[in-house]
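Undergrad: Please see the structure below; I have some questions.
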Amino acid sequence: MNVTTLAQEIIHGRRLGRQDDLSFFLTCDLDELCRGADAIRAALVGDKVDLCSIINGRSGRCPEDCKYCAQSAHHHTDCEVYDFLPEEQILEACKLNEREGVDRFSIVTAGRSLTGAEFDKAIHAFETMKRECKIDLCASMGFLTAEQFHRLHEAGVTSYHHNIETSRRNFPNICTTHTYEKKIETLKLVKAEGMCACSGGIIGMGETWEDRLDMAVSLAELEIDSIPINALMPIPGTPLEGLPQLSEADILRTIAFFRYLNPEANIRLAAGRALLTKDGETAFQAGASATITGNMLTTVACATIRSDRAMLEGLGRDVTPDYWKEA
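With the sequence shown counted from 1, adding 4 to any position gets you this note's numbering.
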């Protein structure tokens, strides 16, 4: 398979799926694959880079046993533990990100789901941000009901993040306290509510290349709008602490074939950017069109919002948020 020719076919409407032999993605020339992925990105997504930032709204004591996660109560890490943050602190962070030119701001909470009084606090915080800010709003609060998604939507949330993490086959090796099917059901509720669905996963957790391909295809089948790709940064105290870090070549190959399989989605850099040249510059030439920026969830960010904007502008990308353009 000629990946350059395939890239042009995808630009003109061809779509790959589970029925296709995708093994050539694993052996083709990496440079050619990345150039083709960048051509698809340029033609179908454009030069606008979507920047999002997150605040950890509730940390630690999570009852789920996800093997990669510092916030799981099943592991012994140095993770901070606190209940839902005061609204004033969340609003301050939101306004800071708006001043810096981030497109979207998200509240992320540890735990199976956000419920009761804490969910009500989140709704009020989103309503306040919607009233006082122009930045787009996102949430990542676990397994919610259709009613909860509707309340979030009414409060101003336009995007919801909920990773599938890995392939269906590999998922039980990573988590046993909830199922892959439950994640799929949740994402279908997000789509039914009319919100932007953000879902991706983590590579480098001991999965096979075929697992990565399967995850990319599953996200395409769900018509996911935004796909964060995390490279595992092994955290001491978690079951995956001893795994080796991925090579830059392996990360770039993954990003590139995710672009071929999800040609119109935002392929978003997330954790692990420190493993890439110049905090991810190479990935933006291999199909990536979005990134998490600013302070990360549980790992330390090496890039800042301003350094990200400067790097992306140097590549000729548009990092001006819509609310600045409207102003």
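The C-beta atom is built at its ideal place from N, Cα and C for all residues, glycine as well.
Only a predicted model underlies this, so the values are computations on that prediction, with no experimental measurement involved.
Could you tell me how far apart the beta carbons of Ile14 and Pro267 are, in whole angstroms, since I believe they sit closer than 8 Å?
TA: 5 Å
Undergrad: Suppose you measure from the CA of Gly298 to the CA of Ile309; what does that come to, to the nearest Å?
TA: 5 Å
Undergrad: Take every Cβ of the stretch 11-25, pair it with every Cβ of the stretch 237-257, and state whether three or more of those distances are shorter than 8 Å.
TA: no
Undergrad: Under the assumption that Arg272 contacts Ile228 (Cβ atoms under 8 Å), give the Cβ distance between them as a whole number of angstroms.
TA: Between Ile228 and Arg272 the Cβ distance is about 11 Å, and since that is not below 8 Å, they are no contact.
Undergrad: Output the distance between the C-alpha atoms of Glu151 and Tyr86, rounded to the nearest integer angstrom.
TA: 26 Å
Undergrad: Could you pull out every unbroken alpha helix (DSSP H) segment of at least 4 residues lying fully inside the stretch 117-170, listed in chain order?
TA: Within the stretch 117-170, the runs of alpha helix (DSSP H) that reach at least 4 residues and sit entirely inside it are, in chain order, 120-136 and 150-158.
Undergrad: Residue range of the alpha helix (DSSP H) that Arg309 falls in?
TA: In the sequence as displayed, the identity of residue 309 is Ile instead of Arg. Residues Ile309 to Gly318.
Undergrad: Does the contact criterion of 3 or more C-beta pairs under 8 Å hold for the stretch 156-169 versus the stretch 197-216?
TA: The stretch 197-216 and the stretch 156-169 touch, with three or more beta-carbon pairs separated by less than 8 Å.
Undergrad: Determine, using beta-carbon pairs with one atom in the stretch 95-109 and one in the stretch 50-61, whether at least three such pairs fall under 8 Å.
TA: yes
Undergrad: Candidates Cys137, His80 and Cys83: which alpha carbon is nearest Leu100's?
TA: Cys137
Undergrad: If we ignore side chains and look at the alpha-carbon of each, how far apart do Ile188 and Phe147 end up?
TA: 10 Å
Undergrad: Does the pairing of the stretch 56-71 with the stretch 318-325 give three or more beta-carbon distances under 8 Å?
TA: no
Undergrad: Is it buried or exposed, Gln370, if we count other Cβ atoms within 10 angstroms and call 16 or more buried?
TA: Not covered by the structure: residue 370. The range shown for the chain is 5 to 331.
Undergrad: Runs of 3 residues minimum, wholly inside the stretch 195-245: which ones carry the beta strand (DSSP E) assignment?
TA: 200-202, 205-207 and 230-235
Undergrad: Short check: CB of Ala269 to CB of Leu280, under 8 Å?
TA: no
Undergrad: Quick one, are the C-beta atoms of Gly64 and Glu91 less than 8 Å apart?
TA: no
Undergrad: State buried or exposed for Glu197, treating a residue as buried only when at least 16 other CB atoms are found within 10 Å of its CB.
TA: The residue is buried, with at least 16 neighbouring Cβ atoms inside 10 Å.
Undergrad: Using a Cβ-Cβ cutoff of less than 8 Å, which residues in the same chain neighbour Ile94 once the five nearest sequence positions on both sides are dropped?
TA: Ile59, Gly61, Ile111, Ala129 and Met133
Undergrad: For Ile139 versus Cys98, is the C-beta distance shorter than 8 Å?
TA: yes
Undergrad: Which residues in the same chain as Arg42 place their Cβ atom closer than 7 Å to its Cβ, once the five residues preceding and following it in sequence are excluded?
TA: First, the amino acid is wrong: residue 42 is Asp here, not Arg. Excluding residues within five positions, the ones whose Cβ falls inside 7 Å are Gln289, Ala290 and Gly291.
Undergrad: Excluding five sequence neighbours on each side, which residues of the same chain lie with their C-beta closer than 8 Å to the C-beta of Leu250?
TA: The answer, listed in chain order, is Ile207, Gly208, Ala235, Leu236, Gly276 and Leu279.
Undergrad: Please confirm whether Glu211 and Ser171 have their CB atoms less than 8 Å apart.
TA: yes
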